[in-house]
Amino acid sequence: NNNLNNNNNNLNNNNNNLNNNEEINEINSNIPFHNVDVIFNRKYSIQKFTRWHTEQALTDWILSLTQSGEVLEISGESKFLPLFPYGSKFTSAKFPEVDCQYLPYANNTFDYIVINQVLEHVMRPWLCVNHAHRVLKRGGYAIIASPSFYHYHAFPEDYWRFMPAAYKVFCSEFSEIVLHGFWGNKEWIRFVLDNPDVRDGEEMLRLVDLPAEQLWPVQSWIVCRK
């Protein structure tokens with residue numbers, strides 16, 4: 001009981017920790033590791049089909065984990081956090097309030113870092129990845145995703161689009177790339193050019209099932225190990 005009280009006090013004193021940490025763990029304790037549908041129900045609960053393949057790939061990988069740990073989430077979105085093994089602890093560095101180009105954390109602090117849909121909004125994204133490497137423990141993982149093709153969307157600014165190969169350059173200081181992928185095709189791009197504000201619906205549902213075409217990446221992602 002004393003240990004639990006101390007842990008609760010530590011969480012309350014850390015303003016960076018997510019307020020819903022206990023809720024996330026409670027959800028996580030009730031889901032089987034490999035049942036992706038429990039969280040995202042595949043297509044039908046995704047809010048943005050523009051991210052569907054990214055979210056499925058990263059969901060599958062996170063659900064394969066069996067070791068809990070310290071998780072830093074930079075994007076300000078917590079949808080992946082309930083997927084981490086029960087007992088994980090979470091710190092939120094909400095962008096842009098926290099400058100991910102100069103992360104305010106000690107070296108070798110975290111086991112996992114999630115940088116989801118952020119790097120395109122960062123002036124110097126390579127600095128963000130370098131600082132992620134710095135604050136990860138040896139053997140820790142960086143989980144990164146951003147668009148390769150998407151219309152301008154300021155948050156607070158929009159600077160970059162990344163081809164799949166760019167992630168390998170960003171992660172060149174890491175010891176291993178454990179997951180690397182992309183999805184996109186010409187028909188999808190043609191549709192979103194004509195319908196820039198559409199994020200779901202029957203046509204999106206059809207398009208998301210089309211195979212990837214190497215010449216036309218829309219979404220890219222990588223998981224790399226320090």
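Under the working numbering, residues 1 to 226 are what the sequence shown spells out, in order.
Where a beta carbon is used, it is the ideal one built from N, C-alpha and C, also for glycine.
Is the separation between the beta-carbon of residue i and that of residue j shorter than 8 Å?
{"i": "S68", "j": "S92", "result": "no"}
{"i": "G184", "j": "A212", "result": "yes"}
{"i": "T50", "j": "Y150", "result": "yes"}
{"i": "W221", "j": "L58", "result": "yes"}
{"i": "Q101", "j": "S146", "result": "no"}
{"i": "T109", "j": "V129", "result": "no"}
{"i": "K226", "j": "S175", "result": "yes"}
{"i": "I115", "j": "S75", "result": "yes"}
{"i": "V208", "j": "W52", "result": "yes"}
{"i": "D99", "j": "V71", "result": "no"}
{"i": "I62", "j": "F84", "result": "yes"}
{"i": "R206", "j": "K48", "result": "no"}
Can you give me the C-alpha to C-alpha distance between residue i and residue j, rounded to a whole angstrom?
{"i": "I144", "j": "Y86", "result": "22 Å"}
{"i": "Y232", "j": "Q219", "result": "Any answer about residue 232 is impossible in this case: the structure gives the chain only from 1 up to 226."}
{"i": "P82", "j": "G201", "result": "26 Å"}
{"i": "P156", "j": "E97", "result": "10 Å"}
{"i": "L227", "j": "L103", "result": "The shown model of the chain, from 1 to 226, leaves out residue 227, and the question about it has no answer."}
{"i": "L215", "j": "M123", "result": "26 Å"}
{"i": "L193", "j": "Q56", "result": "24 Å"}
{"i": "D158", "j": "E73", "result": "20 Å"}
{"i": "N107", "j": "N195", "result": "44 Å"}
{"i": "F80", "j": "K137", "result": "20 Å"}
{"i": "S78", "j": "D197", "result": "23 Å"}
{"i": "F162", "j": "A154", "result": "16 Å"}
Spatial neighbours of residue i within its chain, please: CB distance less than 6 Å, with the 5 preceding and 5 following residues excluded, ordered by chain position.
{"i": "A142", "result": "I113, A132, C224"}
{"i": "P217", "result": "S148, P164, F182, G184"}
{"i": "V178", "result": "V223, R225"}
{"i": "Y105", "result": "V135"}
{"i": "Y152", "result": "D158"}
{"i": "H180", "result": "I222"}
Under 7 Å Cβ to Cβ from residue i, same chain only, skipping five residues before and after it: list those, please.
{"i": "W160", "result": "L119, E120, P125"}
{"i": "E203", "result": "F191"}
{"i": "S29", "result": "Here S29 scores only 33 on pLDDT, less than 50, and its place in the model is too uncertain to base an answer on."}
{"i": "G139", "result": "R225, K226"}
Does any residue of chain C have a CB that is nearer than 8 Å to the CB of residue i?
{"i": "P164", "result": "Reference to chain C is not applicable here, since this structure consists of a single protein chain."}
To which residues does DSSP link residue i through a beta bridge?
{"i": "I115", "result": "I144"}
{"i": "V71", "result": "F90, Y112"}
{"i": "Q219", "result": "P147, W183"}
{"i": "R225", "result": "Y141, E176"}
{"i": "L136", "result": "F110"}
Closer than 8 Å by C-beta to residue i: which residues in its own chain qualify, once you throw out the five before and the five after it? Chain order, please.
{"i": "L210", "result": "N185, E187, W188"}
Open item on the list: Which complete beta strand (DSSP E) runs does the segment 157-204 hold, if anything under 3 residues is left out?
Closed with: 176-183
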